[in-house]
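Note that the numbering used here has the sequence shown beginning at 310, numbered continuously upward.
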Amino acid sequence: MSTSPKPYAPSIASSLSSTWAHSSPFAAHHHPTAPPTGAPGFWEPEFDWDKGDWRSDPSITDSKRRLLTEKVDLRGRGLQTSPVLLAEVAALIRPWLPPLARLPKSWTLLYSLDQHGISIHTFYREIAKSFEPPNPSIGGCVLAVRDERGGVFGVWIGEKIRMGGGSYYGSGESFLWKLVVLPKGEEAGSIKVFKWSGKNDYVALCEDDYISFGGGDGRTGLYLDSAFDRGYSERCPCFENEPLCYTTDGVKGRFSCVGLEVWRVGL
């Protein structure tokens, strides 16, 4: 494995430098739990999953492929705000969303580390505001992180990101994702998606001193501290993901967060 990160393709690198809570049939009831040290998972053979980029995934139908050519209108980001999620990357995420969430052509910025400041309380408050009346309560959030190496990764969750009061929440529609580098001469960028595995329902555990996604067996798919400064990503049973950030062992990687955004899909 390479000891240094590969550069992104020019079109992306240039820009980078600059509720369904358990109402889904896929998810079980909440389980009170401690901070994400994980919990034993389970496995049912009928829960199948796959991962990879959209070109090799048989679940990407022709209608989904057409979505890749439609640009997503990202609204609410200030002109002086350093972007994390690019419209081109949003277009790659969109085909993986649940059918209703694919329909909106615009996403609205709820929180930006650069635009709103470093505060986990502001983070929760700005997200909650978008789900209050008269805004619809349905919909979901795309969270995007940019690390010190230029990596971009995150999570989709089909409801508002909120403090769980010691309980996990989220449905089987959730997934982790990361932007990947393609060989020279191929497309400008692609994403790798890690769907819910069915092994447990430890999708999101967010409190006043951290946010985390994916759990089980003492492992966490994506974790960020309350200062949105340090985080880590490791393989976890919930998503059976590879680490989303750079790692030397392929099991767990640590990163410094230099950018964080949360987007509301469909508002």
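The beta-carbon is built from N, C-alpha and C at its ideal position, and this holds for glycine as well. These numbers come from a predicted model, not from an experiment.
Report yes or no: do three or more beta-carbon pairs, one from the region 545–552 and one from the region 404–414, lie closer than 8 angstroms?
no
S535 and D518 - do their beta-carbons sit closer together than 9 angstroms?
yes
Beta-bridge partners of D456, as assigned by DSSP
C566
Do the CB positions of V393 and E570 come within less than 9 angstroms of each other?
yes
Whole-number beta carbon distance between L422 and F537, since they are thought to touch under 8 angstroms
6 angstroms
Rounded to whole angstroms, what is the Cα-Cα separation between R386 and L531?
24 angstroms
Since I believe I500 is in contact with V398 (beta carbons under 8 angstroms), could you give me their beta-carbon distance rounded to a whole number of angstroms?
7 angstroms
Nonlocal neighbours in the same chain, by C-beta distance under 6 angstroms from P407, ignoring five residues either side:
E482
How long is the line joining the alpha carbons of S324 and W405, rounded to whole angstroms?
Here S324 scores only 42 on pLDDT, less than 50, and its place in the model should not be relied on; the value that follows carries that caveat. So the two alpha carbons sit approximately 23 angstroms from each other.
Status (buried if at least 16 other CB within 10 Å, exposed otherwise) for D558
exposed
Selected residue, minimal CA-CA separation from G467, among G479, V461, R458:
G479
Please specify which runs of the beta strand (DSSP E), each continuous and at least 3 residues long, are wholly inside the region 499–570, giving them in chain order.
499–504, 513–516, 519–522, 531–534, 539–543
Helix, strand or coil at V489 [DSSP, three-state]
strand
Just mark R455 as buried or exposed, buried being the case when its beta carbon has 16 or more other beta carbons within 10 Å.
buried
Is the separation between the beta-carbon of C566 and that of L514 shorter than 9 angstroms?
no
Using a Cβ-Cβ cut-off of 6 angstroms (strictly less than) and excluding sequence neighbours within five positions of R563, which residues of its own chain qualify?
Y541
The beta strand (DSSP E) that contains Y627, what's its start and end?
Nothing can be reported for residue 627: it is not among the residues displayed for the chain, which extend from 310 to 576.
What is the rounded straight-line gap between the Cα of L401 and the Cα of K438?
27 angstroms
On the three-state DSSP scale, how would you describe L406?
coil
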